[in-house]
Amino acid sequence: MYAADENRYDGRMPVRRAGNKGLQLPGVSFGLWHSFGNEANYADSEKIILKAFDSGIFSFDLAYNYGPGSGAAERLFGQIYQANLKAYRDELVITTKAGFHMWPGPYGEMSSRKTLINALDGSLKRMGLNYVDIFYSHRFDPNTDLEETAVALDDIVRSGKALYVGISNYNNAQTKAIIKIFKDLHTPFVVNQLSYNMLNREVENDGVLDTLKANNLGMIAYGPLAEGLLTNRYLGGIPEDFQIHWSSTDVMDQGRAKLTEKLNQLNDIAMNRGQTMAQMSLAWLLKDPVVVSVVTGASKASHLEDNLKAVQNIRFSADELEKIDSIIKG
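Everything in the sequence shown is counted per full-length UniProt numbering, starting at 1 for the first residue and increasing by one.
Written out as structure tokens, the structure reads:
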């Protein structure tokens, strides 16, 4: 029988609040986007998820389409939860999303009322849960009236199937519009989950970060390492077949050679801080209080331990921040 580490809340992992809302999250959340699909090894997955919880990571980030194989990550997480973590449900923040392709036909994606409600019912069944802590509209639906999406999310909370609602991949204008509806409905809307890392500053340029701050809301950052670019893996060069996430394609605009040069310069700063580049990249995101949590996955315990070290030093001098910005914008 699994018993959680009694020292899991000993301060190693900072706990951060979404604006002035009741939602609190660990600085690092565990994402099940990659490595938890149909081909995943159960024992290895169980080991890393339980290690995360023992280390103070009580937030687990999923989506209907995470796998590969729609529903696969939720199904695997559900098995691990039922076998080990059910007794700790009151401590856990379990989140899921609907919007990217999930099942065949017109209702298998986007954010209509039918899509969102049906998707959450399936997610709850796969994970063996009565509710999730946050349910997200995974992406803005340009063909559905935004009020329909917002009301569906509000109704989901009122039905008891989610405690809070969130949005993901909504730009500044879309975020402002749905905030207004949520305020009228008194919906417990807490966070926007967005792609954000040292290389990809679109949330700063777009203004959505400022909008969240102004409304006492939080942001959760996904893709913090830019598919591994912000690790030491590509300091010797970026291969031609490297695939960047659709949300970060602009980081390749100056070509692979120029980006490799920038990565090496960033790595020098990290080394001077006594961190790996990956650790510095996570810490850089957490320097801003509006970033409630950074979602990162791990397929090995060693990767998880390296990520956890990032939260031990999230302070940056003005000189360090200026150097990082000059490298990125150069």
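Yeah, the Cβ is synthetic: ideal placement off N, Cα and C, and Gly gets one too.
- Item | 3-residue-minimum beta strand (DSSP E) runs that sit fully inside the stretch 278-329, ordered along the chain | 291-296
- Task: Compare the C-alpha of Glu-147 against each of Leu-185, Tyr-9, Pro-224 and Asn-232 and name the closest.
- Result: Within the sequence shown, the letter at position 147 stands for residue 147. Nearest of Leu-185, Tyr-9, Pro-224 and Asn-232 to Glu-147, Cα basis: Leu-185.
- Message: Whether or not the stretch 28-35 and the stretch 84-91 are in contact is what I'm after, with contact meaning three or more pairs of Cβ atoms, one per stretch, closer than 8 Å; do they touch?
- Response: no
- Query: Under the rule that 16 or more other beta-carbon atoms within 10 Å means buried, what is Asp-133, buried or exposed?
  - Reply: Translated into the one-based positions of the sequence shown, residue 133 becomes position 133. Buried: at least 16 other Cβ atoms inside 10 Å.
- Task: Tell me whether Met-1 is buried or exposed, calling it buried when 16 or more other Cβ atoms sit within 10 Å of its Cβ.
- Result: Against the sequence shown, residue 1 aligns to sequence position 1. Counting Cβ neighbours within 10 Å, Met-1 comes out exposed, since fewer than 16 surround it.
- N-terminal and C-terminal residue of the alpha helix (DSSP H) that Thr-175 is part of: Here residue 175 refers to the residue found at position 175 when the sequence shown is read from its first residue. In the DSSP assignment, Thr-175 falls within the unbroken alpha helix (DSSP H) covering 172-185.
- Under 8 Å between C-beta atoms of Ile-49 and Ala-301: The sequence position of residue 49 within the sequence shown is 49, counting from 1. The sequence position of residue 301 within the sequence shown is 301, counting from 1. No, these two residues do not count as a Cβ contact at 8 Å.
- Message: Rounding to the nearest angstrom, what Cα-Cα distance links Leu-217 and Val-93 in this structure?
- Response: Counting from one through the sequence shown, the residue named residue 217 turns up at place 217. Counting from one through the sequence shown, the residue named residue 93 turns up at place 93. Each residue's Cα considered, the two are about 17 Å apart.
- Query: Between Ser-317 and Lys-323, what straight-line distance do the alpha-carbon atoms span, to the nearest angstrom?
  - Reply: Reading the sequence shown from its first residue, position 317 is the one you call residue 317. Reading the sequence shown from its first residue, position 323 is the one you call residue 323. Their Cα atoms are separated by approximately 10 Å.
- N- and C-terminal bounds of the beta strand (DSSP E) containing Val-15: On the sequence shown, residue 15 is found 15 positions in, with the first residue counted as 1. Per DSSP, Val-15 belongs to the beta strand (DSSP E) from 15-17.
- Message: Does any residue of chain C have a CB that is nearer than 8 Å to the CB of Leu-212?
- Response: In the structure shown, chain C cannot be found, because there is only a single protein chain.
- Query: In chain order, which beta strand (DSSP E) runs of at least 3 residues are fully inside the stretch 185-233?
  - Reply: 189-195 and 218-222
- Message: Using only the alpha-carbon positions, how far apart do Lys-262 and Pro-26 sit?
- Response: As a first step, residue 262 is located in the sequence shown; it is residue number 262 there, counting from the start. As a first step, residue 26 is located in the sequence shown; it is residue number 26 there, counting from the start. Distance between the alpha carbons of Lys-262 and Pro-26: 30 Å.
- Query: Are there three or more Cβ pairs, one per stretch, closer than 8 Å when the stretch 203-211 is compared with the stretch 249-260?
  - Reply: no
- Message: Beta-carbon within less than 6 Å of Phe-30's beta-carbon, same chain only, minus the 5 sequence neighbours each way: which residues are those?
- Response: Reading the sequence shown from its first residue, position 30 is the one you call residue 30. Contacts found: Ala-52, Ile-57 and Phe-60.
- Item | Proximity winner among Ala-119, Arg-113 and Gly-236, relative to Asp-145 (alpha-carbon distances) | For the purposes of this step, residue 145 is taken as the residue at position 145 of the sequence shown. It is Arg-113 whose Cα lies nearest to the Cα of Asp-145.
- State the Cα-Cα distance for the pair Glu-74 and Ala-177, rounded to the nearest angstrom. Against the sequence shown, residue 74 aligns to sequence position 74. Against the sequence shown, residue 177 aligns to sequence position 177. Taking the straight line from one Cα to the other gives about 30 Å.
- Run the CB neighbour count on His-101, radius 10 Å, all protein chains shown included, and call it buried at 16 or more, exposed below. Along the sequence shown, read from residue 1 onward, the residue named residue 101 stands at position 101. Under this definition His-101 is an exposed residue.
- Task: Would you kindly work out how many angstroms separate the C-alpha atoms of Gly-297 and Asn-307, rounded to a whole number?
- Result: Your numbering for residue 297 matches position 297 in the sequence shown. Your numbering for residue 307 matches position 307 in the sequence shown. If I take the Cα positions, the gap works out to 9 Å.
- Query: Is it buried or exposed for Met-271, if we count other Cβ within 10 angstroms and need 16 for buried?
  - Reply: Looking up residue 271 in the sequence shown gives position 271. Exposed, since its Cβ has fewer than 16 Cβ neighbours within 10 Å.
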